[in-house]
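Residue numbers (this note's numbering): 2 to 237. One structure below.
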Ligand SMILES: Cc1cc2nc3c(=O)[nH]c(=O)nc-3n(C[C@H](O)[C@H](O)[C@H](O)COP(=O)(O)O)c2cc1C
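Quick look at the structure:
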């Protein structure tokens, strides 16, 4: 049954709120609040290569799609806390202007998690952890074979954010590779894909319950959209 949207939006809310001023926040507190508040986050399991062709893999959840024409993804990569060094993924993207975003799934969660370990730049995570790879079509970085969705990207822009700890890497998706089990040629089936999401701290989540509501504005292609007149009254 649908909730009454007026009641859900809530003039009856009795929560008490704590105010945390954002402007002067130290990086640790800001991080803790952001990763707790912005949940669940999809995980880009990114593969890159260095100048010698060594393959690097690491997960990044400060990630989303940001444009559709052409398709573009963005990922925020921080400097390494403590040393302030650039992470291998950042270095490789800046060097080669290419990367692959593999979507991390529940069955790959443990191995994906292990690729977040700090390996030296001379160590290939994929070799050390025995991750199977497939060649890409347009970029040198390979794809992770067991990920059902792999997106080959060419770097579009690097944007340094704020005080310089975080950098946004925006890439154009030049090829999507979609496993038959998740893609019927028209739509990607999230339930079949079983993506894993990042929460705050050491927590991950699966998809959980999936809800359906008809789209209220026509999206590109019209998928899932029904004119408002043909929808049932949400408060009835
Ligand atoms: C699930 C998960 C998500 C992460 N998301 C990010 C992120 O969005 N940005 C970031 O800078 N580091 C993130 N990290 C940490 C990096 O994966 C970690 O620093 C890794 O060692 C980087 O590897 P690299 O030096 O091979 O690039 C995340 C770690 C995990 C486990």
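Cβ coordinates follow ideal geometry from the N, Cα and C atoms, glycine included.
Own chain partners of residue i with C-beta closer than 7 angstroms, once the 5 adjacent residues on each side are dropped
i, result
"residue 55", "125"
"residue 158", "171"
"residue 151", "101, 103, 144, 145, 178"
"residue 81", "88"
"residue 133", "146, 147"
Beta-carbon proximity check, residue i vs residue j, cutoff 8 angstroms
i, j, result
"residue 168", "residue 141", "no"
"residue 172", "residue 73", "yes"
"residue 170", "residue 94", "yes"
"residue 225", "residue 216", "yes"
"residue 213", "residue 176", "no"
"residue 197", "residue 189", "no"
"residue 67", "residue 79", "no"
"residue 135", "residue 112", "no"
"residue 69", "residue 57", "no"
"residue 21", "residue 35", "no"
"residue 192", "residue 174", "no"
"residue 207", "residue 128", "no"
"residue 28", "residue 211", "no"
"residue 185", "residue 122", "no"
"residue 99", "residue 162", "no"
Close beta carbons around residue i, own chain, < 6 angstroms, minus the five adjacent residues each side
i, result
"residue 62", "42, 44, 199"
"residue 120", "126"
"residue 16", "none"
"residue 24", "none"
"residue 149", "180, 183, 194"
Residue i: CB within 7 angstroms of a non-hydrogen atom of ligand 1
i, result
"residue 89", "yes"
"residue 44", "yes"
"residue 57", "yes"
"residue 215", "no"
"residue 63", "yes"
"residue 117", "yes"
"residue 139", "no"
"residue 193", "no"
"residue 78", "yes"
"residue 33", "no"
"residue 242", "Absent from the model: residue 242. The displayed extent of the chain is 2 to 237, so no value can be given."
Same chain, Cβ closer than 8 angstroms to residue i, neighbours up to 5 away in sequence not counted
i, result
"residue 220", "226"
"residue 229", "217"
"residue 110", "197, 205"
"residue 59", "46, 47, 88, 89, 90, 116, 117, 126"
"residue 92", "51, 122"
Requested in this report: Pick out the complete alpha helix (DSSP H) segments inside the stretch 186–228, 4 residues or longer, and give them in chain order.
Outcome: Taken in chain order, the unbroken stretches of alpha helix (DSSP H) that lie wholly in the stretch 186–228 and span 4 residues or more are 191–194.
Requested in this report: Please specify which runs of the beta strand (DSSP E), each continuous and at least 3 residues long, are wholly inside the stretch 11–98, giving them in chain order.
Outcome: With a minimum length of 3 residues, the continuous beta strand (DSSP E) runs that stay inside the stretch 11–98 are 45–50, 56–61, 64–69, 72–79.
Report task. List in chain order: all unbroken beta strand (DSSP E) runs of 3+ residues lying wholly within the stretch 99–161. Result -> Inside the stretch 99–161, DSSP marks whole beta strand (DSSP E) runs of 3 or more residues at positions 99–104, from first to last along the chain.
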